[in-house]
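Per the working numbering, the sequence shown starts with residue 6, numbered consecutively. From the three backbone atoms N, C-alpha and C, an ideal C-beta is built for every residue, glycine too. Note that the coordinates shown come from a computational prediction; the quantities given were computed from them, not determined experimentally.
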Amino acid sequence: MNAIDKAPAGTLPLILYVDDEEGARKYFQRALQSQATVLTAASVDEGKTLLTQHGDAISVLVSDQRMPGAYGNALLFHAWERHPQIVRVLTTAYSELAQTIEAVNQGRIHRYLPKPWDITTLRLEMKQAADLASLRRRHDRLLGEKLASRRREVLANRIGLLYGLCLADGPQGAALDAYLSGALCARVAAAPAWLLDDYAQLASADACRAAGLARAVRGHVAALDARGAAPAQALALLAEVFGSTCHLNRDGAVVLSEPAVLAEYLDGSPDAAVSSRHAAWLALLLFLARRGTGVLLTSSAAGVQCRLAGAGDPPTRAALASWIARF
6 MNAIDKAPAG TLPLILYVDD EEGARKYFQR ALQSQATVLT AASVDEGKTL
56 LTQHGDAISV LVSDQRMPGA YGNALLFHAW ERHPQIVRVL TTAYSELAQT
106 IEAVNQGRIH RYLPKPWDIT TLRLEMKQAA DLASLRRRHD RLLGEKLASR
156 RREVLANRIG LLYGLCLADG PQGAALDAYL SGALCARVAA APAWLLDDYA
206 QLASADACRA AGLARAVRGH VAALDARGAA PAQALALLAE VFGSTCHLNR
256 DGAVVLSEPA VLAEYLDGSP DAAVSSRHAA WLALLLFLAR RGTGVLLTSS
306 AAGVQCRLAG AGDPPTRAAL ASWIARF
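1. So is R142 in contact with chain B if we call contact Cβ pairs under 7 angstroms?
2. Which value, in whole angstroms, describes the spacing of the CA atoms of E27 and V309?
3. Mapping the DSSP letters down to three states, classify G317 as helix, strand or coil.
4. What are the residues that DSSP puts in a beta bridge with R312?
5. For A285, which residues from the same chain have a beta carbon less than 7 angstroms from its beta carbon, with the 5 sequence-adjacent residues on both sides left out?
6. With I164 as the anchor, note down where its alpha helix (DSSP H) starts and where it stops.
7. Would you please state the rounded distance, in angstroms, between the beta carbons of G217 and V266? I believe it to be under 8 angstroms.
8. Alpha helix (DSSP H) containing L333: first to last residue?
9. Can you tell me whether DSSP reads P119 as helix, strand or coil?
10. So, is P13 buried or exposed, given that buried needs 16 or more other C-beta atoms within 10 angstroms?
11. Checking 7 angstroms against the spacing of the C-beta atoms, do L55 and L66 come in under that value?
12. Thinking just about the alpha-carbon of each residue, which of L201, L325, P320 is nearest to the one in L147?
13. Closer than 6 angstroms by C-beta to L21: which residues in its own chain qualify, once you throw out the five before and the five after it? Chain order, please.
14. Can you pull the DSSP bridge partners for L185?
15. If I follow the unbroken beta strand (DSSP E) through H252, where does it start and stop?
16. Of the choices P275, R223, L291, A194, whose alpha-carbon is the least far from that of L243?
17. Whole angstroms are fine: how far does the CA of L172 sit from the CA of A235?
18. For a test of the three-state rule: what should DSSP assign to A179, helix, strand or coil?
19. Examine the Cβ distances between the stretch 131-146 and the stretch 181-201 and report whether three or more of them are shorter than 8 angstroms.
20. Does the stretch 46-53 come close enough to the stretch 70-78 that 3 or more CB-CB pairs lie under 8 angstroms?
21. For L218, does the three-state DSSP call read helix, strand or coil?
22. With which residues is L66 paired in a DSSP beta bridge?
23. Which of the three DSSP states is assigned to T54 in this structure?
24. On the DSSP letters alone, give me the boundaries of the alpha helix (DSSP H) that L242 sits inside.
25. So what does DSSP say about A98, is it helix, strand or coil?
26. In the DSSP output, what is T42 paired with across the bridge?
27. Spell out the partners DSSP gives V259 in its beta bridges.
28. Pop quiz: F332 and L160 are said to be a contact at Cβ under 8 angstroms. What is the actual Cβ separation, rounded to whole angstroms?
29. Residues in the same chain with beta-carbon distance under 8 angstroms from I164, minus the five sequence neighbours each way, listed in chain order, please.
30. What do you get for Y233, buried or exposed, if any count of 16 or more other CB atoms within 10 angstroms of its CB means buried?
31. Mapping the DSSP letters down to three states, classify F332 as helix, strand or coil.
32. Rounded to a whole number of angstroms, what is the C-alpha to C-alpha distance between I9 and Q58?
33. Alpha carbon to alpha carbon, how far is R30 from A212?
34. Could you spell out where the alpha helix (DSSP H) holding D272 opens and where it closes?
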């Protein structure tokens, strides 16, 4: 195995060739030296090691089929599972058509090249494979940029809807601050697949979801008012909302061991209704804020800690913009 410590740098595509025959490895390198940087490995295990080290940079993986210890298609399947952007090619002098056809049909192998190679065909096939890998990377990059942009739009809209909900009956900035702090502690997902849905449909479903959350929150607030709850009961009310997923630590803070619920509205699919627990959490924050009490949330090794705090400053447009930027 060569170049295992560091993959060569440069503008040429990086190809990994795996074959137990040293002569075949040298021939492959010489044939492609003008159009690609070639790493070689003598076994499936060595190939896996190079994939682990350089998988993000490798454009094409070519493997011989018959090798001691394991077949080449096992390595290509391994790459398919862990590095799907790599174009995978199987080559062999033996007739293993049944396994090869199955692998190609499953999308795990891009091409089958029989040995012995015609050097012109080999170079053309490797150029096409490298070009395909480049297109895949460009597609993945553009898709990632689209998802990131859509994510920012959706989160900004959702935070704006929360702003309206929290401030509909007065300047309850403490409730919004506590809610968004909790969502940050819970870590909102980076870019879920539903962000690729048609934007008009997504926005419509999101608006209906927000309306459902608003109705549920109002119901929980009304229930707190009806029972005569008071800010002095805040910690007990928190425990009531989160049940067995929270506990009181020695410092007098309520610790949430499963904080994902704090980000449920910001994180969830537009088609997923917000849970009653999540609505009760936001309702409690609003209930306390209207009585001059806030909740301070911080991350810890045990989970998210909740402590009572003052009501904080009245909300401003600049503060809202700052919150949106933090997500």
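From the atom records:
1. Among the chains in the structure shown there is no chain B, since it carries only a single protein chain.
2. In the sequence shown, counting from the first residue as 1, residue 27 sits at position 22. In the sequence shown, counting from the first residue as 1, residue 309 sits at position 304. So the alpha carbons of these two residues sit roughly 57 angstroms apart.
3. Your numbering for residue 317 matches position 312 in the sequence shown. If DSSP states are grouped into helix, strand and coil, G317 belongs with coil.
4. Here residue 312 corresponds to residue number 307 of the sequence shown, with the count starting at 1. For R312, which the question treats as bridged, DSSP gives the partners L301.
5. Along the sequence shown, read from residue 1 onward, the residue named residue 285 stands at position 280. If we look at A285 and ignore the five residues flanking it on each side, its Cβ neighbours are H225, V246.
6. Counting from one through the sequence shown, the residue named residue 164 turns up at place 159. Segment 124-172, the alpha helix (DSSP H) holding I164.
7. Translated into positions along the sequence shown, residue 217 becomes position 212. Translated into positions along the sequence shown, residue 266 becomes position 261. Not a contact, Cβ separation roughly 16 angstroms.
8. One cannot answer for residue 333 here, as it falls past the ends of the chain, which runs 6 to 332.
9. Counting from one through the sequence shown, the residue named residue 119 turns up at place 114. Reduced to three states, the DSSP call for P119 is strand.
10. Working through the sequence shown from its first residue, we reach residue 13 at position 8. Residue placement at P13 cannot be trusted, given a pLDDT of 49 that sits under 50; what the coordinates show is reported in the next sentence. Counting Cβ neighbours within 10 Å, P13 comes out exposed, since fewer than 16 surround it.
11. Walking along the sequence shown from the start, residue 55 turns up at place 50. Walking along the sequence shown from the start, residue 66 turns up at place 61. Their beta carbons are not under 7 angstroms apart, which means L55 does not touch L66 by this criterion.
12. To locate residue 147, count along the sequence shown from 1; it is residue 142. The residue with the shortest Cα to Cα distance from L147 is L201.
13. Within the sequence shown, the letter at position 16 stands for residue 21. These residues qualify, in order along the chain: L44, L55, I63, L66.
14. The count along the sequence shown starts at 1 and reaches residue 185 at position 180. DSSP output for L185 lists no bridge partner at all.
15. Looking up residue 252 in the sequence shown gives position 247. Unbroken beta strand (DSSP E) run through H252: 251-253.
16. The sequence position of residue 243 within the sequence shown is 238, counting from 1. Among P275, R223, L291, A194, the Cα nearest to that of L243 belongs to L291.
17. Working through the sequence shown from its first residue, we reach residue 235 at position 230. Working through the sequence shown from its first residue, we reach residue 172 at position 167. Looking at the two C-alpha atoms, the distance is approximately 20 angstroms.
18. In the sequence shown, counting from the first residue as 1, residue 179 sits at position 174. Correct three-state label for A179: helix.
19. no
20. yes
21. Residue 218 sits at position 213 when you count from the first residue of the sequence shown. Reduced to three states, the DSSP call for L218 is helix.
22. In the sequence shown, residue 66 corresponds to position 61, counting from 1. According to DSSP, which records beta bridges pairwise, L66 is partnered with L21, R93.
23. Taking the first residue of the sequence shown as position 1, residue 54 is located at position 49. T54 falls in the helix class under three-state DSSP.
24. If you number the sequence shown from 1, residue 242 lands on position 237. Segment 239-247, the alpha helix (DSSP H) holding L242.
25. The count along the sequence shown starts at 1 and reaches residue 98 at position 93. Coil.
26. Stepping through the sequence shown from its first residue, residue 42 is reached at position 37. Under the DSSP definition of a beta bridge, T42 partners with L19.
27. Position 254 of the sequence shown, counting from 1, holds the residue named residue 259. Paired residue(s): L253, C311.
28. Residue numbering aside, residue 332 sits at position 327 when the sequence shown is read from its first letter. Residue numbering aside, residue 160 sits at position 155 when the sequence shown is read from its first letter. So it is a contact: roughly 5 angstroms between Cβ atoms.
29. Translated into the one-based positions of the sequence shown, residue 164 becomes position 159. Correct list, in chain order: L185, L271, L325, W328, I329, F332.
30. Working through the sequence shown from its first residue, we reach residue 233 at position 228. The question names Tyr, but residue 233 is Gly in the sequence shown. Looking at its Cβ environment, which holds fewer than 16 other Cβ atoms inside 10 Å, G233 is exposed.
31. Mapped onto the sequence shown, residue 332 falls at position 327. F332 falls in the coil class under three-state DSSP.
32. The residue you call residue 9 lines up with position 4 of the sequence shown. The residue you call residue 58 lines up with position 53 of the sequence shown. Low confidence applies here, because I9 scores a pLDDT of 40, under 50, leaving its location unreliable; read the following figure in that light. Cα to Cα, the separation comes out at about 8 angstroms.
33. Along the sequence shown, one-based indexing puts residue 30 at 25. Along the sequence shown, one-based indexing puts residue 212 at 207. Approximately 59 angstroms between the Cα atoms of the pair.
34. For this step, residue 272 is matched to residue 267 along the sequence shown. Here the alpha helix (DSSP H) through D272 covers 269-272.
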